[in-house]
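In what follows, a structure is listed as structure tokens, so that the remarks can point back to it.
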Amino acid sequence: MADQALGEFEQIVLLAILRLDERAYGATIREEIAAKTGRDPSPGALYTTLARLEEKGLLQSRLGEPTRDRGGRAKRFVKVTAEGIDAISRAQRAYRNLLHGVPLPGLSHG
Amino acid sequence: MDRGRIAEWLLAPALGAARASWVVGDLLEGAVGRGPRWFWGNVARTWCGAPWGDLRTRPLFCLGLAARGALLLSAWLFLVGRGRALVWDFVRTSLAHSRFLAHHPKEWLWPAVTAASLLATVHAGRWVARRAQGRLLAVCAAMALVYPLVAFGFHACWAACASLGPAPDLPVPDFGRFLYQAKDAGFIAAFLLGVALLRRPGGAAAA
């Protein structure tokens, strides 16, 4: 997976997972995205994106312990792989390069 | 039966059994303090959103499987049609002395043909469901798009081949027939969904 092009929502999901670190699973990722971006992603879109990122090798997942408030269902924790970190870094660098020198209100430029 | 099991049963065709389990767990957890309306609203959003996402991200898989399923279904229905024609020819020539059989073909052939067509549809549905890898709803949606084209092509090929022989007994495909097949596709997509949903909630899912 040398050069993974990431869509906007994929980048948002990857960044939310990186922020959450060990606590990243469906419900917390969704809450993090809602809290930081103000948009409430549809669960269908989020889980499809998580599956796609895992298929691309940018995420890996593991099942946690079943808990009572989830009706005895396990959490599926996700973690960004080294390839995922590489892909998100590249995508963000591209954004930063494009932003550089563009006067947008509320953004500071290096 | 608790709402989690019902939701899991509803979401299994859209997400696959394993994914549906932890997605429902997430939704149950999120519903604490928000109520059943939030929970069911999100089940509905997941149910609608997942097939669309699968169609966008795995179009070749969904359309390819739908095309193969449509081909299988067309072949089955074609065989049912041929079987009906053979039986009817046999009855006309060999059992002409029986007034009822010879003069009321629809009455006695219809139940058998309908049953055979339904069995063929169920078989095609299960064949697709076993291969859908948790994307059954997306494949059903793709099937609704693809089936009219495949069935139309199938009939066009048959009519072209039959016209080389002595007596073509199928009508030449036209746009009216195409629309007729398109009308069927909605029924078939719903039927495939019915096949997938014919499972005990919370039990092992085929999809």
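Just so you know, the sequences run in chain order R and F.
Residue numbers for the first sequence follow this note's numbering, beginning at 4 and rising by one.
Residue numbers for the second sequence follow this note's numbering, beginning at 2 and rising by one.
All C-beta atoms, glycine included, are put in the ideal place defined by N, C-alpha and C.
Every value quoted in this text rests on a predicted model; they were computed, and no experiment measured them.
Measure the C-alpha to C-alpha separation of Pro167/F and Val123/F and round it to an integer number of angstroms. Only weak support exists for where Pro167/F lies, its pLDDT of 47 falling under 50; the coordinates are left without a value.
As a quick exercise: from Leu29/F, Arg59/F, Ala8/F and Ala86/F, pick the residue whose alpha carbon is nearest that of Pro69/R. Per the Cα distances, Leu29/F.
Label Leu9/R either buried or exposed according to how many other C-beta atoms from any shown protein chain fall within 10 Å of its C-beta, with 16 as the threshold for buried. Classification of Leu9/R: buried, given that the 10 Å Cβ count is 16 or more.
Cut-off 6 angstroms between Cβ atoms - residues of its own chain near Val25/F, not counting five sequence neighbours on either side: Excluding sequence positions up to five before and after Val25/F, its CB lies within less than 6 angstroms of the CB of Gly5, Ala8 and Glu9, all in the same chain and listed in chain order.
For the segment 18 to 36 of chain F, list every residue whose C-beta sits within 8 angstroms of some C-beta in chain R, in sequence order. So the close ones are Arg20, Ser22, Trp23, Val24, Val25, Gly26, Asp27, Leu28, Leu29, Glu30, Gly31 and Val33.
With a threshold of 16 other CB atoms inside 10 Å of the CB of Ala21/F, please say whether the residue is buried or exposed. Counting Cβ neighbours within 10 Å, Ala21/F comes out buried, since at least 16 surround it.
Near Arg136/F, which residues of its chain fall below 6 angstroms by C-beta distance, leaving aside the five closest residues on each side in sequence? In chain order, Asp55 place their CB closer than 6 angstroms to the CB of Arg136/F, counting only its own chain and leaving out the 5 sequence neighbours on each side.
Is Met4/R close to chain F, meaning its C-beta is less than 9 angstroms from at least one C-beta of that chain? Because Met4/R carries a pLDDT of 47, less than 50, the predicted location of this residue cannot be relied on, and no value is offered for it.
When we look at the beta-carbon of Thr127/R and count the other beta-carbons within 10 Å, is it buried (16 or more) or exposed? Lying outside 4 to 113, the shown extent of chain R, residue 127/R is not represented and no answer is given.
Would you say Asp90/F faces chain R, with C-beta separation under 9 angstroms as the test? Taking Cβ atoms only, chain R never reaches closer than 9 angstroms to Asp90/F, which makes this a no.
Could you check whether the Cβ of Arg76/R sits closer than 9 angstroms to any Cβ belonging to chain F? So yes, Arg76/R belongs to the interface.
Where Arg131/F sits in the DSSP three-state scheme: The DSSP-derived three-state label of Arg131/F is helix.
Counting only beta-carbon separations shorter than 9 angstroms, does Arg46/F have a partner in chain R? Chain R, which has a Cβ nearer than 9 angstroms to the Cβ of Arg46/F, makes this yes.
Taking 7 angstroms as the limit between beta carbons, can you name the residues of its chain near Glu35/R, skipping five residues before and five after? Excluding positions up to five away in sequence, the list reads Ala19, Arg22 and Leu23.
State the DSSP-derived secondary structure class of Gly67/R, mapped to helix, strand or coil. The three-state reading of DSSP puts Gly67/R in strand, counting E and B together.
Just checking: is the beta-carbon of Arg96/R within a distance shorter than 9 angstroms of some beta-carbon in chain F? No, Arg96/R does not count as interfacial toward chain F.
Pick out whichever of Ala97/R, Val81/R, Gly75/R and Gly109/R has its Cα sitting closest to the Cα of Gln129/R. Here chain R covers residues 4 to 113 and nothing more, so residue 129/R does not appear.
Compare the Cα-Cα distances from Lys39/R to each of Gly29/R, Leu49/R and Val16/R and report the closest residue. Measuring from the Cα of Lys39/R, the nearest candidate turns out to be Val16/R.
Inter-stretch contact (C-beta, 8 angstroms, three-pair minimum) for the segment 143 to 157 of chain F and the segment 64 to 80 of chain F: Taking 8 angstroms as the limit for Cβ pairs, the verdict is that the segment 64 to 80 of chain F does touch the segment 143 to 157 of chain F.
Expressed to the nearest angstrom, what Euclidean distance is found between the alpha-carbon atoms of Gly74/R and Gly42/F? Rounded to the nearest angstrom, the two C-alpha atoms are 18 angstroms apart.
Is Arg93/R helix, strand or coil when you go by DSSP? For Arg93/R, the secondary structure class from DSSP, reduced to helix, strand or coil, is helix.
With DSSP run on the structure shown, which of helix, strand or coil describes Val83/R? The answer is strand: DSSP assigns Val83/R an E or B state.
Report yes if the CB atom of Val92/F is closer than 9 angstroms to the CB atom of Val114/F, and no otherwise. For the pair Val92/F and Val114/F, the CB atoms are not nearer than the 9 angstroms cut-off.
Measure the Cβ-Cβ separation of Gly84/F and Ala117/F and say whether it is below 9 angstroms. Cβ distance < 9 angstroms, so Gly84/F and Ala117/F count as in contact.
How about Leu110/R: is its C-beta nearer than 9 angstroms to some C-beta of chain F? At a cut-off of 9 angstroms between beta carbons, Leu110/R makes no contact with chain F.
Considering only C-alpha positions, which residue in the set Ala121/F, Thr58/F, Leu74/F and Ala51/F is nearest to Ala13/F? When the alpha-carbon of Ala13/F is set against those of Ala121/F, Thr58/F, Leu74/F and Ala51/F, the nearest one is in Ala51/F.
Let me know the secondary structure DSSP gives Ala77/R once reduced to three states. Per DSSP, reduced to three states, the secondary structure at Ala77/R is strand.
Tell me the rounded alpha-carbon separation between Ala45/F and Arg55/R. Here the C-alpha atom of Ala45/F lies approximately 21 angstroms from the C-alpha atom of Arg55/R.
Tell me which residues share the same chain as Trp128/F and place their Cβ nearer than 8 angstroms to its Cβ, disregarding the 5 neighbours each side in the sequence. Counting only Cβ-Cβ distances below 8 angstroms, and skipping sequence neighbours, we find Gly70 and Leu73.
Kindly indicate if chain F contains any beta-carbon less than 9 angstroms away from that of Gly114/R. In this structure chain R extends from 4 to 113, so residue 114/R is not present and cannot be described.
Got a sec: is the Cβ-Cβ distance from Ile15/R to anything in chain F below 9 angstroms? Chain F, which has no Cβ nearer than 9 angstroms to the Cβ of Ile15/R, makes this no.
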